[in-house]
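Start counting the sequence shown at 39; every next residue gets the next number (the working numbering).
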Amino acid sequence: MSIQEHVILVNDQGMVIGTQEKYAAHTAHTPLHLAFSSWLFNARGECLVTRRALSKKAWPGVWTNSVCGHPQSGEKTEQAIIRRCRFEVGAEIANITPIASEFRYREADPSGIVENEICPVFAARVTSELHINHDEVMEYEWVELEALFRALDAAPWSFSPWMVQEATVARDALRAFAAQ
């Protein structure tokens, strides 16, 4: 990406306390910061599932929901979602809808890198062809939502921990969005 991304650091109440360069922030002691997670759907109601590139610092090669990222200073979350969807999967999106506004998690990957995020979850509709950025995504699949839920329930270790948790707390909202 052409700009140097950062994360917005927050306290336990979600109040902004500073910023830090994105790559430097993600360590074994990652501070709490703002993020977002998005689940993208096509016109048939299928969900875009992506496999993280092997070059990713945290959870390389792991299957996850469509697109995640961090809003930048002065950027609305919806703008950040549009920016990351264009960057990661080359998609234009519409109907950005919050589905789990209060989601927060802390997880460590097998290498010890920690994600520690206040991470509202959104759904959106893809309105264009995909143009995958292979520095971000090594594979992708459009998956029927109920089949995805069955896979998440049967083999949660096969997916990112945030995806599993989001699917648990937002299952009904995801179903409602997919059915639109």
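All C-beta atoms in this analysis are idealised placements derived from N, C-alpha and C, irrespective of residue type, glycine included.
ask   = Is there contact here, the region 183 to 190 with the region 151 to 171, by at least three beta-carbon pairs under 8 Å?
value = By the criterion of at least three beta-carbon pairs nearer than 8 Å, the region 183 to 190 is not in contact with the region 151 to 171.
key: Straight-line gap, W200 to G107 (C-alpha atoms, nearest Å)   = Along the sequence shown, read from residue 1 onward, the residue named residue 200 stands at position 162. Along the sequence shown, read from residue 1 onward, the residue named residue 107 stands at position 69. Computed Cα separation, rounded: 12 Å.
task = Leaving aside the five residues before and after P136 along the sequence, list all residues of the same chain whose C-beta is less than 8 Å from its C-beta, in chain order.
result = Taking the sequence shown and counting its residues from 1, one reaches residue 136 at position 98. Within the same chain, P136 has close Cβ partners P158, V159, F160.
Meets three-Cβ-pair contact criterion under 8 Å: the region 56 to 65 and the region 113 to 121 = A contact between stretches requires three or more CB pairs, one per stretch, nearer than 8 Å, and the region 56 to 65 fails this requirement with the region 113 to 121.
ask   = CB L78 to CB V48, shorter than 9 Å?
value = For the purposes of this step, residue 78 is taken as residue 40 along the sequence shown, with counting starting at 1. For the purposes of this step, residue 48 is taken as residue 10 along the sequence shown, with counting starting at 1. Contact: no.
key: Between the CA atoms of C85 and L183 - distance to the nearest angstrom   = Numbered from 1 along the sequence shown, position 145 holds the residue referred to as residue 183. Numbered from 1 along the sequence shown, position 47 holds the residue referred to as residue 85. If you take the alpha carbons of L183 and C85, they lie about 6 Å apart.
ask   = Just how far apart, CA to CA, sit R163 and A132?
value = For the purposes of this step, residue 163 is taken as the residue at position 125 of the sequence shown. For the purposes of this step, residue 132 is taken as the residue at position 94 of the sequence shown. Separation of R163 and A132 (C-alpha to C-alpha, rounded to the nearest whole angstrom) is 5 Å.
Beta bridge counterpart(s) of P136 as assigned by DSSP = Within the sequence shown, the letter at position 98 stands for residue 136. F160.
inquiry  = With the cut-off set at 9 Å, would you say V152 and H67 are in Cβ contact?
reply    = Residue mapping note: residue 152 aligns to position 114 of the sequence shown, counting from 1. Residue mapping note: residue 67 aligns to position 29 of the sequence shown, counting from 1. Yes; because the gap between Cβ atoms is below 9 Å, this pair is in contact.
key: Identity of the residue in A193, A208, M53, Q218 nearest S139 by Cα   = Start at 1 with the first residue of the sequence shown, and residue 139 comes out as number 101. The shortest Cα separation from S139 among A193, A208, M53, Q218 belongs to A208.
ask   = Around the Cβ of E126, are there at least 16 other Cβ atoms within 10 angstroms (buried) or fewer (exposed)?
value = The residue you call residue 126 lines up with position 88 of the sequence shown. By the Cβ-count criterion, E126 is buried, with 16 or more other Cβ atoms from all chains shown falling within 10 Å of its own Cβ.
query = Which value, in whole angstroms, describes the spacing of the CA atoms of A193 and W101?
reply = One-based indexing of the sequence shown puts residue 193 at position 155. One-based indexing of the sequence shown puts residue 101 at position 63. In a straight line, the C-alpha of A193 is about 11 Å away from that of W101.
Assigned secondary structure, R213 (DSSP; H/G/I helix, E/B strand, else coil) = For this step, residue 213 is matched to residue 175 along the sequence shown. Residue state for R213 is assigned as helix, using DSSP reduced to three classes.
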